[in-house]
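Some notes on the structure that comes next.
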Amino acid sequence: MAESKQNGEQVNSYCAAEVKDYLLSLQDRICGGLESIDGRSRFHEDAWERETGGSGITRVISDGAVFEKGGVNFSHVYGDALPPAASASRPELAGRSFQAMGVSLVIHPDNPMVPTSHANFRFFIAEKEGEPTVWWFGGGYDLTPYYGFEEDCVHWHRTAREACDPYGRHIYPDFKKQCDDYFYLKHRKEPRGIGGLFFDDFNETGFSRSFSLVRSIAESYLEAYVPIVRARMNTPYTEAQKQFQRYRRGRYVEFNLVYDRGTLFGLQSGLGRVESILMSLPPEVNWVYDWQPEPGTEEARLYTDFLRPRDWA
-15 MAESKQNGEQ VNSYCAAEVK DYLLSLQDRI CGGLESIDGR SRFHEDAWER ETGGSGITRV
45 ISDGAVFEKG GVNFSHVYGD ALPPAASASR PELAGRSFQA MGVSLVIHPD NPMVPTSHAN
105 FRFFIAEKEG EPTVWWFGGG YDLTPYYGFE EDCVHWHRTA REACDPYGRH IYPDFKKQCD
165 DYFYLKHRKE PRGIGGLFFD DFNETGFSRS FSLVRSIAES YLEAYVPIVR ARMNTPYTEA
225 QKQFQRYRRG RYVEFNLVYD RGTLFGLQSG LGRVESILMS LPPEVNWVYD WQPEPGTEEA
285 RLYTDFLRPR DWA
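Each step along the sequence shown adds one to the number in this note's numbering, with nothing skipped, and position 279 is 263.
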C-alpha cells in the first residue's frame, strides 16, 4: 500500500476509514439537531448501494413545521481508476485507485425570513503502489438569506471565525475569501448569499491537523445556523414575501446546476447518484422575466446591503 508522509504522518486507507466513521456520526448529529427544531417532521432515510463502487445514506425532510425541504446526504464512492472526465484536469490522479466521501446538506426553510443554509465536508484519497498518496479535504458552509438581518450575518461569520482561529488567524479570512469567490453567479454578477467558509484541495497542515480543522468547522455548523432559525422561524410573513423567496431560490438552482463542483462531478463522472445529487434543489421556485425590486424596499436592501462581500465578523 502506498503511503504519503507529511509532518511525519502516514496517510493511507486507514485514515479514510477514520474520516468515514466521523462523517457518518456527523450526519446523525446534524439530522438530530434539525429534527429537534422542526418538531413535526423527521428525516426519511434511503440507504443505497451501487452495483460497483459506492454506497451512501440519503436523508430528506419535507413539509415540516419549519423546514419545507432539506437533505443531509452521506456518500462514499471508490474504484480502481477515476474516469477520464474526473482526472482530465489532474493528470497525476490517472491510474490510481481512489476513495471520495463526504456529507453534503442543504436546508430550505418554509418561512422566507429564515435563510437557506448549505454545508459539505469531504475527503479524497488516491493511491498507487510505490508512489506517495494524494489526498485532501474540502468543504465549508454558506448562508443564503432572502431577507437580511445584520445580526444573523454577524453571528454566522463570528461562529465560523471562532471555529477556524485555533488553527491560525489566517484560516478564516482565507476560507471566507474563497467562499465569496466561489459562490458567485458570474452570469448574474451577484453573490449567491452572504458567504461563510469554503476550502478545497486542503492538506497543507498534515492529515491530523487538517482533519481536526475540518471537524471544528463541521461541529460549528449547527452552532451557526440553529440560533438564526430559532430567531426567525415564527416571524409573520406575507404571500408577496413568500413569492420573493421562490424567486430568489432560482439563483440557488442556477448555481447548483451551472457551477457547483460536487454536482458537476457527480453528474459528469457517472459516479454520483442522481436523486441524491439533486436533493439540494428547493421544492418550489419561480423565475420571473426581468424582475427588479422596488427601490427602498426590504427586497432591494437584500441586493444593496447584503449580497456583496463584507467583513461581517
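From the three backbone atoms N, C-alpha and C, an ideal C-beta is built for every residue, glycine too.
task: Tell me Lys53's beta-bridge partners as DSSP assigns them.
output: Ser46 and His92
message: Going by DSSP, what residue range makes up the beta strand (DSSP E) through Asn104?
response: Thr100 to Lys112
task: Work out the CA separation of Glu111 and Pro211 for me, nearest whole Å.
output: Cα atoms of Pro211 and Glu111: separation of roughly 42 angstroms, rounded to the nearest angstrom.
task: Going by DSSP, name the residue or residues bridged to Tyr168.
output: BP columns for Tyr168 point to Pro175.
field: Which listed residue (Glu76, Phe51 and Leu262) has its alpha carbon closest to that of Phe239
entry: Leu262
query: So, helix, strand or coil for Pro157, using DSSP?
result: helix
query: Within the chosen definition, does the stretch 148 to 162 reach the stretch 125 to 133 through at least 3 CB pairs nearer than 8 angstroms?
result: no
- request: Could you tell me which uninterrupted beta strand (DSSP E) segments, each at least 3 residues in length, are contained entirely in the stretch -10 to 33, listed from first to last along the chain?
  value: -7 to -5 and 28 to 33
message: Please state the DSSP three-state secondary structure of Tyr133.
response: According to the sequence displayed, residue 133 carries Phe and not Tyr. If DSSP states are grouped into helix, strand and coil, Phe133 belongs with coil.
- request: Counting only the same chain and skipping the five closest in sequence on each side, list residues whose C-beta sits under 6 angstroms from that of Gln229.
  value: Pro96 and Tyr130
Contacting residues, own chain, Cβ-Cβ under 6 angstroms from Trp140 (five flanking each side not counted): Leu127 and Ala208
query: By Cβ distance below 8 angstroms, which residues in the same chain neighbour His60 in space, the five residues on each side in sequence not counted?
result: Exclusion of the five residues before and after His60 leaves Lys4, Gly38, Ser39, Gly40, Gln83, Ala84 and Met85 as the residues of its chain whose Cβ lies within less than 8 angstroms of its Cβ.
task: Below 8 angstroms on the Cβ atoms is my guess for Asp47 versus Ser20; work out the distance and round it to an integer in Å.
output: Not quite, the Cβ-Cβ distance comes to about 17 angstroms (not below 8 angstroms), so this is no contact.
query: Helix or strand or just coil, what does DSSP make of Val61?
result: strand
C-alpha distance - Thr143 paired with Leu181, whole-angstrom precision: 11 angstroms
- request: Would you mind working out which of Asn57, Ala0 and Pro277 sits nearest His28, comparing C-alpha positions?
  value: Asn57
query: Can at least three beta-carbon pairs, one atom from the stretch 191 to 206 and one from the stretch 113 to 122, be found at a separation below 8 angstroms?
result: yes
query: Within this structure, are the beta carbons of Leu291 and Glu135 separated by less than 8 angstroms?
result: no
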